[in-house]
Amino acid sequence: MKLRKRIWAIASPLLIGASLNASALELYVDDTTKQIFAEPGPNRTKLGSFVPAEQAVKQQNELNTKQEADLKAIKHDLELKK
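For the sequence shown, the residue numbers in mature numbering (1 follows the signal peptide of the UniProt record, and there is no 0) are -24 to -1, 1 to 58.
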């Protein structure tokens, strides 16, 4: 069980909530041997879907840019209301 928690701790920052692409890798862990697999099988539990770190950073940067633009628009609207 500790290994699974470590894997989650390492891999969870790579998760991108709703914007997972087709290139996401689904990982499974064998319950008895604790080996990691890329395909489902007997005695395997799904760990989650993971994206490469570079892709996750790119998606997060795009999201940040959009959020910054939205904040600027909101601030501009508030200034106009004064």
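No residue lacks a Cβ here, since even glycine has one placed at the ideal position from N, Cα and C.
If only complete runs of 3 or more residues are kept, the segment 2 to 42 shows the beta strand (DSSP E) at 20 to 26, in order along the chain. Annotated three-state conformation of Lys51 is helix, per DSSP.
Rounded to the nearest angstrom, the gap between the Cα atoms of Leu23 and Ala(-1) is 13 angstroms.
Sequence-distant Cβ neighbours of Asp6 in its own chain, meaning closer than 6 angstroms and more than five residues away, are Asn19, Arg20.
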